[in-house]
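Heads up: the sequence shown begins at 1 in the numbering used here, then just goes up one per residue.
Each residue gets a CB set at the ideal place from its N, CA and C atoms; glycine is no exception.
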Amino acid sequence: MTDLNILSCNINGLNGPHKRIGFLDFLRRRKIDIVLVQESHLKEEDVHRCNNKFYEVVSHSSSDTKTKGVLILVRRTLNITILDKGCDTDGRITHIKTIVENRNIVFISVYAPCTPDPTFFSVLSTYLLKFSDFEIVLGADMNSVMSHTLDRSGPKESHSQAFCSDKLRLCVTSASLVDSWRLLNPSAKSFTFFSATHKSYSRIDYIFISTSLSSAVRDADICSLSLSDHDGNLCRLSLIPRPSRATRWRFNPKLLQDENFCSQFRNKFAEFIEINQGSVDDPRTLWNAVKGFIRNNSISYASFLQKKRHKKIAELESQLQNLTRENQRCFSDSTLSKIMAVRSELNSLLRSRAEFLIQRCRQNYYFQGSRPSHLLALRIRNSEKFANISAVKSQSGLIMTDPKDINISFHSFYSNLYTSSAVGDPDSFASFLSNLDLPRLSDSDSDYLAEPITLQELESAIRSMNKGKSPGLDGIPVELYSTFWSDLGPLMLDMIIFSVTQGSFHPSINIAVISLLLKKDKDPTSCSSYRPLSLIGTDVKLYAKVLSRRLEKFMNRLVHHDQTGFIKSRSASDNLRRLYHIINSTNSSSSPCAVLSLDAMKAFDQLEWNYLWAVLQHLGLGSSFINMIKVLYVNPAASVLTGSVCSNPFFIHRGTRQGCPLSPLLFALSLEPLAQAVRRSQTISPIIIRNTHHHISLFADDILLFLEKPSHSIPHVLNLFDHFGSLSGFKINWSKSCLLPLNSKFDPTSLSVSIPLVQNFKYLGIDVFPSLQEILSKNYNSILAKISSDLENWSHLPTSLQARISVIKMNVLPRINFFSSMIPLAPPVGYWNKLDACVSRYIWDGKRPRIKLTTLQRSRLHGGLSFPNFRLYAQAFSLRPLSVWFDPDASVSWRAIEESIVYPYNLKHLVFSGVPLRQCKSRFGPIVTHLLSTWRDVERRLQLVTIWHKHSPIFHNNNLLSGNTPFHCPQWTHHKVNTLGDIYDDNGLQSFQNLKTQYNLPGTSFFMYLRIRSALRAYGVPWNSQLPIHPLRKLILPSEESPSSASVIYLFLLEHSYKPLSITTVWAKDINEDVHVLFSDQIWGMFKLSSKNPNHQMIHWKLLHRVYLTPMKRFHMNLSSSPKCNLCSQGSLGTFLHFFWECPSLSPFWTLLSQDLSYLLGTEICLTPRHFFMNDFWDLTLSVQQRCLLLAALTAAKKLLVNRWNPPHTMDRRTWAVYLLDIISMELSTSRIHGSNVKTVNLWHSSFNVVSSFLKSL
């Protein structure tokens, strides 16, 4: 253990010798180990004056003048290893990277500007990103306070001060830091600085530490410094080596790519079964033994591989050492080639361990590209810090920081939470449920649910489960069961069938590990702020998966469409679309209306099982199937995992485990009686819109109640929910629930209960206001501001174009798409242009774009980088509800509202009815109008305007008039004759006699037929030919069972927005080829085949798009004084083709490369730009291995090519071969990591041997 005494102080100048000596003496007397100094006022040449025999300045940053300046002093006798140091150039930030007690800790001293400057905190945030692998101790004079209430006295802070405080809090939070003094003094007031000007005290000096260091804080104090006008901050850390995470064995899925492992596993498993099967009567016991065999066999084989690997490494290292010595004595090219080959082989072997670690932490650096992965690592690092629980409040309110105490607190919390407090009995359940008109399954349906589980069902379920997920306590993942299913499947089935018969699993497999996730915007020191995710054994999860797949087929029948959570074909956006209609309609209502948002308390965790069984029985699931479910709930146990500590198991007596595939469905069923009770209540008044009644909206446990006359309804709501809670365990926190009035008719004084009244609330991630315009502007503008701020912070990172595009896809696109999908209205005017400008500025680092945004937005198969087109994504989400419009049987909560809004038009035919847009907003409202407007805009831009087609309505169609009036005939509509497709067949317009027979039309409607036929002729609609299907209608709903997703609609819109690429004409002119033949989709598709590394793919892409700055380009951009090639002496213009292909310094390399490739591939590779630049070798007959090797070779050549900018720079053949061998080695590793088939792995392994031999021969 090491005790560190750390002092951070603003010393207000150390130029005076007396003050400097007095300060150093103060440090010695107080036994300070590390000092973080601000405002040293020392110039660069004077910093050494702070060194004495006790302390040494190890890092500093100075200003040009005697202002600012930061220092870090370390006691000379301190046992600390300094790895690195650095600073800014402005005298405000300096740091040292150290190792203390085997912990990586970075100490930073920061001095923020005196005048409010929010941009400084953005710079500091970026600076801190460099230390993602280090714990942080940051001493600072921030010149801003964390809390105006606790850290400042005196008058109200100014706007600029408040803004800086917000930025400071954001900076500290994003870096996962905590205030060390505030950690021990959560509500105390103390200050470090007195402002004579404002006559106020403030605490602007801090020591911030990483959350992972919180448990190490033994003391934190504010000490007086007579030498300065600031007080100092003292912090004492007791550091011990970081505890390792709780050890849990987990199978290494990489072993499944080892044929030898799989072979020996099957052989030994067959022997194991031959010996043990039949030796026990209980298949559950045998299954436990099987899992023990899996573990022992895997550990044994992995140990054997490790020993074998170590032996091979030792041999190669010895060989490398001998070759190096030989080459040092007598240098030769052949020996050098052998050294490179042995080194590559050794690196490949060493990389195998890295493959395992990469796979374990899922950071596939080569596959993702180094730059994007670096940024991802930073983001993941932050989330890990949040997940690392550093402090928690005990039941008595004390802050616990010791890891064991933290784990004990959570163990106590969850064991209490999962202890039943049921007061209901079968009679009370029956009394409550019998008064509700709940759906019920038929006997045949319940018989289907209760059928014995089959091996085919289990196999289908395991194929559908996600791979790469963390396994349960046994450590056996889905991948192993899937690989050895023929061996393990029948035994698992026997175990499951026997467990169902006996009514329980073996106790050892029905135990889960609870992993904790902090909920957004919740107090991290409260046990209730975390979401418990149960890591369940794969075998138990597979059983639950089978049951859930059976049950989900009936969920749409059992659960009303008011509930959209966890039910297929339902979406959270349905809830919000309905809510927007209610808000828009009630603004003009004459009755008071409000929305009540309910806050459920640990809803999943407090569900009482006896109530659940009663509900399932009432819904007709049948005793047999319910007993199958109960198997999961007989004596289940759990352990809580907090950081490095895993608690003792405890039994669970209520709740549904989050992480079990069946739990969401059971929870939705358990809430259905409550929702039905609300709908049937005579005392809870719903909001009525055009004769449609709206009572309740649910997304899992997120509940909204729509109340007319809320003052009258709310007392009855409280009674109903309290009664329901006493039966089910479902409790509402009324003090955290809120009521949003929707119109001015509501009188707050009439409310007799204490539910908070709000002007807005957050629902499903959207800030809800009583006005659609407010919802629109506040949500879209807030996310744009947040994205702009984030991109500004990230712009300082040295990332590549590909990495920045990846950031937009991973981080920005999901956020924008979320709002586009949840708000069915057009964003503020100019919004998309602002967003495009913002992201374009980021990806090009504030410089002039080299490629048009529209080119980047093309798919990779069409020459782009699949950069998102936010506007088209928004249109795709806007069009998606048309699948509900086109399906009259769709069970969606908002369809009835929109049907009533558009009457007498038919919702199914509205987009084809030709209603002028200028009439839509006043007749249909903003939501329907926006969808119609989007449809027309897409039709116009994609030139898909087709008035006459199979879906064109006959009636209420403004495009088909009779005497300036649309047709109207209830008789025909009643007989389901509505569209031209109904009266046309493959030969054209049908005769009236055919229609009369087909649809049973009355003879009296013949005159209507004649009028329609006459109108069709007048409008030029042909009688004698088949009508087409509208392409967008076919896109939205290709079949009645499967509407298209937003991504499918987006890709359709995107591909129809393409314009010809200008670069194709440039290439065709340069190499004298036909432009139409030159660029095909196969050429662009070759990039993906060239390498798994995105950075390598980008080299090919940039060369084809001519992104690189040649001498000619640099001259035109005023970046150089001459347009001539700087790599040759011929004075030729530095055009793209010359610089990368024709230059005399380069052409010999291309010639040799052509010869080498012909030798390696065993077939002639002609030296042409089409082959070497465009990867267009479809005219060559190549095997898969030859094609892969050729692409890897061209990747290596181009990687070497794009790094030659200034002389002297020659293209070296041996360097190319080393690059090629490294690429093949990495492709081999990547194929292993991602579980490629054996054929692919062998292909790369064979290529590695071929190139290795070739390199040795050079």
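With a 10 Å radius around the Cβ and a threshold of 16 neighbouring Cβ atoms, C1125 comes out buried.
With 16 or more other Cβ atoms from the protein chains shown falling within 10 Å of its own Cβ, R880 counts as buried. Apart from the 5 residues on each side of it in sequence, R549 sits with its Cβ closer than 7 Å to the Cβ of A461 in its chain, given in chain order. Rounded to whole angstroms, the gap between the alpha carbons of S922 and F746 is 26 Å.
Taking C-alpha positions only, S1121 is separated from C1143 by approximately 20 Å. One alpha carbon belongs to S526, the other to L801, and they sit about 42 Å apart. Excluding its 5 nearest sequence neighbours in each direction, I294 has C-beta neighbours in its own chain below 8 Å: F251, I476 and L480, listed in chain order. Taking 3 residues as the shortest admissible run, the stretch 134-186 contains the following complete beta strand (DSSP E) segments, listed from N- to C-terminal end: 135-141 and 177-179. When Cβ pairs closer than 8 Å are counted between the two stretches, the stretch 833-842 is seen not to touch the stretch 1027-1040, the count staying below three. R440 carries a coil assignment under DSSP once its states are collapsed to helix, strand and coil. DSSP places P253 within a helical segment (H, G or I) once states are collapsed to three.
The DSSP assignment places 1184-1201 and 1213-1233 as complete runs of the alpha helix (DSSP H) inside the stretch 1171-1245, in order along the chain (cut-off: 4 residues). The Cβ atoms of H148 and E135 do not sit closer than 7 Å to each other.
For T94, the uninterrupted beta strand (DSSP E) segment begins and ends at I93 to V100. Residue burial annotation: H561 is buried, with at least 16 other C-beta atoms found within 10 angstroms of its C-beta.
Distance from the CA atom of S394 to the CA atom of L516, rounded to whole angstroms, is 17 Å. In this structure, the beta-carbon distance from C171 to I207 does not fall below 7 Å. Taking 7 Å as the cut-off, the Cβ atoms of I1036 and S883 count as close. Counting every other CB atom within 10 Å of its CB across the protein chains shown gives H18 a total below 16, marking it as exposed. Ranked by how close their Cα comes to the Cα of S1062, the residues I851, L825 and L255 have I851 in first place.
Our two residues, G863 and A803, have alpha carbons roughly 18 Å apart in a direct line.
Note that the C-beta distance between Q563 and L455 is not below 7 Å. When DSSP reads this structure, D982 sits in no beta bridge, so it has no partner. Note on geometry: alpha-carbon atoms of S771 and I696 lie some 20 Å from one another. The closest CA to that of V1250, considering only D1222, G232, L1133 and L596, is found on D1222. Here Y55 carries a strand assignment [DSSP, helix/strand/coil].
Between P926 and L1053, the gap from beta carbon to beta carbon reaches 7 Å or more.
Straight-line spacing of the CA atoms in G659 and P283 works out to 26 Å. Close CB contacts of N610 within its chain, under the 7 Å cut and outside five residues either way in sequence, are with A422 and G424 (chain order). Sorting Q617, L764, P953 and P253 by C-alpha distance to the C-alpha of K520 places L764 at the top. Between the alpha carbons of F1007 and F955 lies a distance of about 15 Å.
Counted as a single uninterrupted DSSP element, the stretch harbouring T81 is not any alpha helix (DSSP H) but the beta strand (DSSP E) occupying residues T81 to C87. Fewer than three beta-carbon pairs drawn from the stretch 289-305 and the stretch 336-343 are found closer than 8 Å, and the two stretches are therefore not classed as touching. Between S180 and V217, the CB-CB gap stays under 7 Å.
Rounded to whole angstroms, the separation of the alpha carbons of N869 and E939 is 18 Å. In this structure, DSSP gives F107 an extended state, which the three-state scheme calls strand.
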